[in-house]
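Student: Handing you this structure, nothing more for now.
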Amino acid sequence: MVFNWFRRQFNEKTDQIQEPQTEVKAEPETVEKPPETAESSEPAPQIAEDYLQWAKAAYKNIQKQQEPEPEVEPEPEPEVTVTNEIEPTVLTPETPEVETVVETPVETVQAEGTEPEPEPITESVPEPTAVLVEPQPEPVVTVSETEAETLEPLPFWAVSATERQARLERLKETAIEEEEPEPSERASSDPGMEFDQMFMWSAQVLADQGRRPDQVALEEITWLQKLWKALGRTRRNLLNQLKSIVGQGPLNQQAVDEIESMLLQADVGVAATDRVIEALQSKLRQEALPPEQAIAYLKQILRGILEEPFEKGYPITFAPEKDTLNIWLVTGVNGAGKTTTIGKIAHLAQKSDYRCLIAAGDTFRAAAVDQVKVWGDRSGVEVVANPGKNTDPAAVVYDAIEAAIARNTELLIIDTAGRLQNKKNLMEELNKIRRVIDKRAPGATIESLLVLDSTLGQNGLRQAEVFSEVAQLSGVVLTKLDGTAKGGVALAIVQQLGLPIRFIGVGESIEDLRPFSSYEFIEALLSG
Ligand SMILES: Nc1nc2c(ncn2[C@@H]2O[C@H](COP(=O)(O)OP(=O)(O)OP(=O)(O)O)[C@@H](O)[C@H]2O)c(=O)[nH]1
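The sequence shown begins at 6 in the working numbering and counts up one residue at a time.
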């Protein structure tokens, strides 16, 4: 089964008609919700029961997804080599014959301190200069064996009661005699269906967005739990203060002042904080807000800020179009997490059934090129790179487009300059890359993503402003949200730049990046 993360759609590889799932806007009001949950945010017991029913149905559906495919005579699956992280070899003419594209690397030596002379983009196809680095084939193993190795065993709550019992037996045999841990708070009285609170929170977030239990995939629940954990620091800071502020009864001016300082501490930034305070105060003038509704209203204001770019014309869905060439330029200062992000997006594209290719266009440092190759190996995506030092990025892009066209690639991810020292050079380099694309792939859909380190807080904003002036950005990738207690910077960035956040990174591993959902982000910040 393929889960298209870019569209959060669930396309089983059967001819079963999947009801297309509309892109869920973050405002739950705009999405059908069980009527009883339309108003209050605090589920009454009856509503909790609804969530529980929903969770049970989702859990059963997830279990069904995990069952091995029924034994049918499938056509022999092509053997897939899954490569682990190993040193790639740069293909050079001496490399033993391989079927990939091998170019004679052109060693260009630049006089010190001069930018390489821009090569004239001639009409005739120039001697290609980049090489295609294929991950070194490991001893061929079938994907299923590898999946078994690399996939974490299913979480405790996602296996059947018998499997759970078996695991407990195995644990007891090997466990050192210890106090039996207090069972975590159960969200269900039914012994056959014991969910932890995290599963229930994930289920509620999906149910509130109008998702049907039979549309939910295990990897969505897993991601929501990762998001919840990653935002833990920011949530604890915000929620503890918020509950003590709104807990004093209907919101008053003093409470609003305290909320203002709380938001500024969370790096929401002055502009976005002013908007929140203004909205709260005008609401105050209309009606007294009891605690739960005050928090629910605050969530709504914050979501409104994060979704404003969509009202200004940015598309809600940010997904490569199938069966066409999409080119995503990735930019950002070195250290922001650009290379890691490229590897994660390539991995997500692979998982979502897109044919993907990476171009190592940040040629300023050889180390950056090598790093992109390592992430190419990790994600199983080929990398087009130029073995020369400080070569012309446009030449790498040119060859990458050639390779992409030859392979019917659907998503070409281009790593671009990571330096900000000289805005003019950066702008020229990015414009030249766009000219090459316009010339070699005029029909391609081009997007440009800025990778920002969320731990930089307000300093990241200044960086973002410079890039947004020169790079015609489609959106932002916010990294390292797991590393900061100031997740509020997301609001500051959207408010300041008017750009949507497209992806968030919550860890160093390849699974730690997913498309951004303002609803889920705010729920993970302010629920609990
Ligand atoms: N905790 C955490 N670390 C991250 C995340 N994204 C990237 N990193 C780490 O941040 C560091 C920099 O990431 P890179 O991808 O190398 O950054 P870069 O922008 O390519 O910078 P250069 O490598 O200098 O070109 C690495 O140690 C990454 O593992 C994230 O979401 N969370």
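Note that CB positions come from ideal geometry on N, CA and C, so glycine has one too.
The structure displayed is predicted, hence computed values, not measured ones.
Between G337 and F521, what straight-line distance do the alpha-carbon atoms span, to the nearest angstrom?
Tutor: Numbered from 1 along the sequence shown, position 332 holds the residue referred to as residue 337. Numbered from 1 along the sequence shown, position 516 holds the residue referred to as residue 521. Looking at the two C-alpha atoms, the distance is approximately 18 Å.
Student: Check whether the Cβ of G492 lies closer than 6 Å to any heavy atom of ligand 1, and answer yes or no.
Tutor: Here residue 492 refers to the residue found at position 487 of the sequence shown. No, the beta carbon of G492 sits no closer than 6 Å to any heavy atom of ligand 1.
Student: Could you check whether the Cβ of D487 sits closer than 6 Å to any heavy atom belonging to ligand 1?
Tutor: Residue mapping note: residue 487 aligns to position 482 of the sequence shown, counting from 1. Yes; taking the cut-off as 6 Å, the Cβ of D487 has a heavy atom of ligand 1 nearer than that.
Student: Going by the DSSP bridge assignment, what does S459 pair with across the sheet?
Tutor: Along the sequence shown, read from residue 1 onward, the residue named residue 459 stands at position 454. Answer is none; S459 lacks a bridge partner.
Student: Closer than 7 Å, CB to CB, is V401 near chain D or not?
Tutor: Of the protein chains in this structure there is only one, and it is not chain D.
Student: Considering only the alpha carbon of each residue, which of Q355, N331, A373 lies closest to T344?
Tutor: Here residue 344 refers to the residue found at position 339 of the sequence shown. That would be A373, whose Cα lies nearest to the Cα of T344.
Student: With a CB to CB cut of under 7 Å and the five nearest residues on each side skipped, what residues in its chain are close to G212?
Tutor: Along the sequence shown, one-based indexing puts residue 212 at 207. Here residue 212 is Ala; the residue named in the question, Gly, does not match the sequence. Answer for A212: Y56, W59, listed in chain order.
Student: Determine the DSSP secondary structure at D420, reduced to helix, strand or coil.
Tutor: Within the sequence shown, the letter at position 415 stands for residue 420. If DSSP states are grouped into helix, strand and coil, D420 belongs with the strands.
Student: Around the C-beta of M6, are 16 or more other C-beta atoms found within 10 angstroms, so that it is buried, or is it exposed?
Tutor: Counting from one through the sequence shown, the residue named residue 6 turns up at place 1. The residue in question, M6, is exposed, as its Cβ has fewer than 16 Cβ neighbours within 10 Å.
Student: For I321, name the three-state secondary structure that DSSP assigns.
Tutor: The residue given as residue 321 occupies position 316 in the sequence shown. Three-state DSSP puts I321 in coil, outside helix and strand.
Student: Is there at least one non-hydrogen atom of ligand 1 closer than 6 Å to the beta-carbon of G342?
Tutor: Along the sequence shown, one-based indexing puts residue 342 at 337. Yes, the beta carbon of G342 sits closer than 6 Å to at least one heavy atom of ligand 1.
Student: If L294 and L256 are in contact, beta carbons under 8 Å, what's the gap, nearest whole angstrom?
Tutor: If you number the sequence shown from 1, residue 294 lands on position 289. If you number the sequence shown from 1, residue 256 lands on position 251. With a Cβ gap of about 5 Å, L294 and L256 count as contacting.
Student: Return yes when the Cβ of A409 is within less than 7 Å of the Cβ of L560, no when it is not.
Tutor: Absent from the structure is residue 560, since the part of the chain shown begins at 6 and ends at 533.
Student: Would you call the CB atoms of L496 and I310 closer than 7 Å?
Tutor: Here residue 496 refers to the residue found at position 491 when the sequence shown is read from its first residue. Here residue 310 refers to the residue found at position 305 when the sequence shown is read from its first residue. The answer is yes: Cβ separation under 7 Å.
Student: Alpha carbon to alpha carbon, how far is Q270 from A276? Give it in angstroms, no decimals.
Tutor: Reading the sequence shown from its first residue, position 271 is the one you call residue 276. Reading the sequence shown from its first residue, position 265 is the one you call residue 270. Each residue's alpha carbon lies about 13 Å from the other.
Student: Among A222, N9, A260, G274, whose alpha-carbon lies nearest the alpha-carbon of G462?
Tutor: Here residue 462 is taken as the residue at index 457 of the sequence shown, counted from 1. The shortest Cα separation from G462 among A222, N9, A260, G274 belongs to G274.
Student: How many angstroms separate the CA atom of T365 from the CA atom of N66?
Tutor: The residue labelled residue 365 in the question sits at position 360 within the sequence shown. The residue labelled residue 66 in the question sits at position 61 within the sequence shown. What sits at residue 365 in the sequence shown is Ala, not Thr. Each residue's alpha carbon lies about 41 Å from the other.
Student: Is the stretch 201-209 in contact with the stretch 441-455, if contact means three or more CB pairs nearer than 8 Å?
Tutor: The stretch 201-209 vs the stretch 441-455: no contact.
Student: Does the stretch 297-308 come close enough to the stretch 415-425 to have 3 or more Cβ pairs within less than 8 Å?
Tutor: Touching, no, given that fewer than three Cβ pairs across the two stretches are closer than 8 Å.
Student: By DSSP, does P383 sit in helix, in strand, or in coil?
Tutor: Residue numbering aside, residue 383 sits at position 378 when the sequence shown is read from its first letter. Note on identity: in this sequence residue 383 is Arg, with Pro being the wrong assignment. Helix, per DSSP.
Student: Where does the unbroken alpha helix (DSSP H) through V251 begin, and where does it stop?
Tutor: Counting from one through the sequence shown, the residue named residue 251 turns up at place 246. Unbroken alpha helix (DSSP H) run through V251: 237-251.
Student: Hey, which unbroken runs of the beta strand (DSSP E) at 3 residues or more fall wholly within the stretch 491-530?
Tutor: Complete beta strand (DSSP E) runs here, min 3: 506-510, 518-520.
Student: With which residues is T484 paired in a DSSP beta bridge?
Tutor: On the sequence shown, residue 484 is found 479 positions in, with the first residue counted as 1. DSSP, once it has assigned bridges, lists D458 as partnering T484.
Student: Taking the C-alpha atoms as reference points, what is the distance between L531 and I300?
Tutor: Along the sequence shown, one-based indexing puts residue 531 at 526. Along the sequence shown, one-based indexing puts residue 300 at 295. When rounded, the distance between both Cα atoms is 8 Å.
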